[in-house]
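What follows is a set of notes on a single structure, which appears directly below.
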Amino acid sequence: NILENYGDDRILAISKLVKSVNREIHRMHAFVRFEKMQDDVYFSRIEPDYNVLPLIIKHFRDRYRDQKWMIYDFKRQYGAFYDLEEVQMFEPTESTIIPTRKTAETLHESELQYQKLWQRYFFKTNIPERKNIKLHVQSLPKRYWKYLTEKW
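Residue numbers for the sequence shown follow my numbering, so the first one is 1 and each next one is one higher.
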């Protein structure tokens, strides 16, 4: 079978690319964090290495079917919005406001309280004697940290 001929440099390159994209999809499933905005839409920022947004939509539509949500890819400047019926892909216009940072002005009033609660839980369950930074970074690369509530 030609697709299993890893001696061919082209097949090997394609195989490595498929593995990298699948790894990125898996990480997006694990590391996407939603924040409740003032308009009751759950918003998440992503910056994946690969253009995986269309490939992760089904996972989030199935998992969060009862909530309006938006995932925005800052690297590629487009997003997906789920309105409880369908997912729509969009590119922002001049009038579109995409939250760039976590600010109290854009978040729902309860969101900051939940974030503080989660940070406190994360801090209290941490066991300093068992700290293994190398393993931690291996399973949770630093490039994802800026979007994780427990990391800021």
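Ideal Cβ placement from N, Cα and C applies to all residues, glycine included.
In the same chain as Glu111, and ignoring 5 residues on each side of it, the C-beta atoms closer than 6 Å to its own belong to Glu35 and Lys36, in chain order. Restricting attention to Ile56, Tyr6 and Trp69, the CA atom closest to the CA of Val41 is found in Trp69.
If you check the CB distance, Leu53 and Ala80 come in under 8 Å. From the listed residues Asn22, Arg27 and Phe90, the smallest Cα separation to Gln138 is found for Arg27. No Cβ-Cβ contact shorter than 8 Å links Tyr50 with Ser15. Glu94 is positioned such that its CB atom lies no closer than 8 Å to that of Gln77. Val32 is positioned such that its CB atom lies no closer than 8 Å to that of Ile57.
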